[in-house]
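Asks: So for the sequence shown, numbering that gives the first Met the number 0 puts the first residue at 0; every next one is plus one.
Where is the CB? At the ideal position from N, CA and C, for every residue including glycine.
Computed from a prediction, not measured in an experiment: that's the story for all the values here.
Sharing a structure below in structure tokens format, with a few things to ask.
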Amino acid sequence: MLIAAGSGPSYSAPAKKIRIAMLMASTIDDMAWSQSMYEGLKAVQKELGADKLEFVTSERMGNPVDAGAAIRQYADQGFDIILAHGAQYQSVLMELAPDFPRTTFAYGTGFTAAPNIFAYDPQAQEGAYLMGMIAALMSKSGIVGIVGPVESGDAIKYNYGFQQGVAAANPKAKVRIAYTGSFGDIVGAGELARVHMDAKADILTGSAQQAVGAARAVAERAGVYWMSTDMDQASLAPDHVLAAQVYHWEKVVKAIIDYRAQGILGGKHLTLNFADGTLELRYNPKLMSKIP
Numbered sequence: 000m001l002i003a004a005g006s007g008p009s010y011s012a013p014a015k016k017i018r019i020a021m022l023m024a025s026t027i028d029d030m031a032w033s034q035s036m037y038e039g040l041k042a043v044q045k046e047l048g049a050d051k052l053e054f055v056t057s058e059r060m061g062n063p064v065d066a067g068a069a070i071r072q073y074a075d076q077g078f079d080i081i082l083a084h085g086a087q088y089q090s091v092l093m094e095l096a097p098d099f100p101r102t103t104f105a106y107g108t109g110f111t112a113a114p115n116i117f118a119y120d121p122q123a124q125e126g127a128y129l130m131g132m133i134a135a136l137m138s139k140s141g142i143v144g145i146v147g148p149v150e151s152g153d154a155i156k157y158n159y160g161f162q163q164g165v166a167a168a169n170p171k172a173k174v175r176i177a178y179t180g181s182f183g184d185i186v187g188a189g190e191l192a193r194v195h196m197d198a199k200a201d202i203l204t205g206s207a208q209q210a211v212g213a214a215r216a217v218a219e220r221a222g223v224y225w226m227s228t229d230m231d232q233a234s235l236a237p238d239h240v241l242a243a244q245v246y247h248w249e250k251v252v253k254a255i256i257d258y259r260a261q262g263i264l265g266g267k268h269l270t271l272n273f274a275d276g277t278l279e280l281r282y283n284p285k286l287m288s289k290i291p
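Structural data, given as structure tokens:
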């Protein structure tokens, strides 16, 4: 079973080679936020051809000073587009972008754009609502747990959407939320997941890079299930991951490339949503029989 919208518009290959640099706080294999964008870049490169799109990555750029230095270096080297993949990069981009008026910058989750800065924003609440409904219908204890990173960005929208979905399907169900205070605290996320499970939560979810820690903790308990966002995490725990909201960044990347070709270097707010197919709800085939 699959719920997805139609595909977005097609884009022609750029006339000349585009060079993109991507910075991230975690790694290209985090099974979450960063890897989802990395996979999107790879997909666009495959579609356009390596002769039309070159991209490089900088991992573990959680320190704002290090990130700022890397962004400036990429701009000095003449990269056309610099993707700072995280809400934490907004301030440094707003500071540096005026120094490089011919460079296109982008960041997200974000809402504030500038003449040469795009902001992008997943409508994470959309898939979260649907998964919240499934969680409420499946939970035997009537208790659902959310392992949150920080109360901002697409994480907070995801949590609110999930809560609303649970309430719509079962108003008597309880949703318990706990935050680690970090996007990348994998150990802390695992600990919070265990706290939720000890309190009888039997369906859990969570977002950001840290979520893999919670998913692995869920895999330790029989009869407990996980629902992921950003990426499909079923490979981490195939007997426990029920469903995933998958981010398809290809359209955002291609839109930025297309806008740049038109001479538009920024100034727009781009979104991911079900209507244009950039969000997808994907079920784990192994557990389909358990889903109402």
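(1) Tell me the rounded alpha-carbon separation between V223 and V240.
(2) According to DSSP, simplified to helix, strand and coil, what is L280?
(3) Just to confirm, are G212 and T103 a CB contact at a threshold of 9 angstroms?
(4) Taking the alpha carbon of P237 as the point to measure from, which residue in N283, F54, K156, R18 has its own alpha carbon closest?
(5) I believe L95 touches I70 by the beta-carbon criterion, under 8 angstroms. Please report the beta-carbon distance rounded to the nearest angstrom.
(6) Thinking C-beta only, is G205 closer than 9 angstroms to A218?
(7) Compare the C-alpha of M287 against each of M137, D98, D79, M36 and name the closest.
(8) In or out: H268 buried (at least 16 other Cβ within 10 Å) or exposed?
(9) Just to confirm before moving on: does the CB-CB distance between V55 and Y73 stay below 9 angstroms?
(10) Please classify L1: does DSSP put it in a helix, a strand, or coil?
(11) Just to confirm, is the Cβ distance from A210 to S227 under 9 angstroms?
(12) Pick out whichever of L47, Y119, D153 has its Cα sitting closest to the Cα of A105.
Replies: This is what the structure holds:
(1) 9 angstroms
(2) strand
(3) no
(4) N283
(5) 6 angstroms
(6) no
(7) M137
(8) exposed
(9) yes
(10) For L1, the predicted structure reports a pLDDT of 32, less than 50, and the residue's modelled location is therefore unreliable. The matter cannot be settled from this model.
(11) yes
(12) Y119
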